[in-house]
Amino acid sequence: MMVVTCAGVAGSTALALVAAARQTSGRVVCILNSLDCYNASKKALGNYGDCINFVIGDAKRLLINDYKSADFVLVDCNSSDHKGVLRAAQEGTANHGGALILGYNALHMGPYWSDTDEFKTHFLPIGEGLLVIRKGASTTKAGTNHHGLDCRKRSRWVVKIDKWTGEEHVFRISSPLPEEIKA
C-alpha cells in the first residue's frame, strides 16, 4: 500500500503513484485535510481520481492508526506540520515491516534538515527537494533459526540501462539463505 499526504490538491505526484500501483497491483491512499481539497483533487485528476482512495482527516492520526501497514509513504513538506507527519509515518510503520518514507517539496526547508538527525534522512536535490527515510522493521530475533543464524532473505540490486532509450531499470532480486550448509 502506498500512502500520500497532500498539503493541498493532489496532482501529478498522486498520478505517479497510480502508475506504480498499476504495475505492482498495489493500492494508493491519498490523505487530504479538507473537503474542498478532495473536490479539487477529483476534478484535477479526472478519470484517474477513481484509482485513488481519498481520505479526509488528520494525517498524523491516520498514519499511526489506520495505515501502519503502508510500504511507501509520501509526505508533502509544504504542509504546516510536515515534521509531525514524518514522525507519525515512522512510528506507524516501525512495527509492521518498515517502509520507505519520502518527503517531497523539501527544498524550501533550507538548512533545517541538515541541522537535525532526528529522522536520519538523506536529502536529494531533485525537483523541489526530496527527503529519503528508510524505516526498517524493529530489530528482533525473528529472523534467526535455532542455531542463531540469520535466515532472512538475501537480496541484491541489478541495474540495467536500456541502450535505445537510455532509461535506467533497477531490479531487486531476492533469494532465501540456506538454513544449514552441509560440508
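Quick note, the working numbering runs 162 ahead of the 1-based positions in the sequence shown. All C-beta atoms in this analysis are idealised placements derived from N, C-alpha and C, irrespective of residue type, glycine included. None of the values given here were measured: they were computed from a predicted structure.
Is the beta carbon of N267 sitting closer than 7 Å to the one on D243? If you number the sequence shown from 1, residue 267 lands on position 105. If you number the sequence shown from 1, residue 243 lands on position 81. For N267 and D243, no; Cβs fall outside 7 Å.
Can V320 and I335 be called in contact, C-beta distance under 7 Å? One-based indexing of the sequence shown puts residue 320 at position 158. One-based indexing of the sequence shown puts residue 335 at position 173. Cβ distance < 7 Å, so V320 and I335 count as in contact.
Determine the closest residue to Q185 out of G265, M164, L264, with distance taken between C-alpha atoms. One-based indexing of the sequence shown puts residue 185 at position 23. The shortest Cα separation from Q185 among G265, M164, L264 belongs to M164.
Between A261 and L179, what straight-line distance do the alpha-carbon atoms span, to the nearest angstrom? Position 99 of the sequence shown, counted from the start, is the residue given in the question as residue 261. Position 17 of the sequence shown, counted from the start, is the residue given in the question as residue 179. Each residue's alpha carbon lies about 15 Å from the other.
By DSSP, does H258 sit in helix, in strand, or in coil? Here residue 258 corresponds to residue number 96 of the sequence shown, with the count starting at 1. Of the three classes helix, strand and coil, the one that applies to H258 here is coil, per DSSP.
Drop a sphere of 10 angstroms on the beta-carbon of L286, count the other beta-carbons inside from all chains shown, and report buried for 16 or more, exposed for fewer. Looking up residue 286 in the sequence shown gives position 124. Exposed.
Whole angstroms is fine: what's the gap from G254's alpha carbon to W326's? Taking the sequence shown and counting its residues from 1, one reaches residue 254 at position 92. Taking the sequence shown and counting its residues from 1, one reaches residue 326 at position 164. One C-alpha to the other measures close to 42 Å.
Would you kindly report the start and end of the unbroken beta strand (DSSP E) that includes T175? Start at 1 with the first residue of the sequence shown, and residue 175 comes out as number 13. Looking at the DSSP string, T175 is not in any beta strand (DSSP E); the run it does join, the alpha helix (DSSP H), is 174–186.
Please state the DSSP three-state secondary structure of I215. Translated into positions along the sequence shown, residue 215 becomes position 53. In the sequence as presented, Ile is not what sits at residue 215; that position holds Asn. Strand, per DSSP.
Could you pull out every residue in the same chain whose Cβ sits closer than 8 Å to the Cβ of T302, ignoring the five residues on either side in sequence? For the purposes of this step, residue 302 is identified with residue 140 of the sequence shown, where counting begins at 1. A caution first: T302 carries a pLDDT of 44, below 50, which makes its placement in the model too unreliable to give a value.
So does the segment 194–210 actually touch the segment 167–177, counting three or more Cβ pairs closer than 8 Å? yes
Could you give the C-beta distance for L194 and C168, rounded to a whole number, given that I count them as a contact under 8 Å? Taking the first residue of the sequence shown as position 1, residue 194 is located at position 32. Taking the first residue of the sequence shown as position 1, residue 168 is located at position 6. The pair is a contact, with the Cβ atoms about 6 Å apart (cut-off 8 Å).
Evaluate G328 with the Cβ neighbour count: other Cβ atoms within 10 Å of its Cβ, from every protein chain shown; 16 or more gives buried, anything less gives exposed. Along the sequence shown, one-based indexing puts residue 328 at 166. Exposed, because fewer than 16 other Cβ atoms sit within 10 Å of the Cβ of G328.
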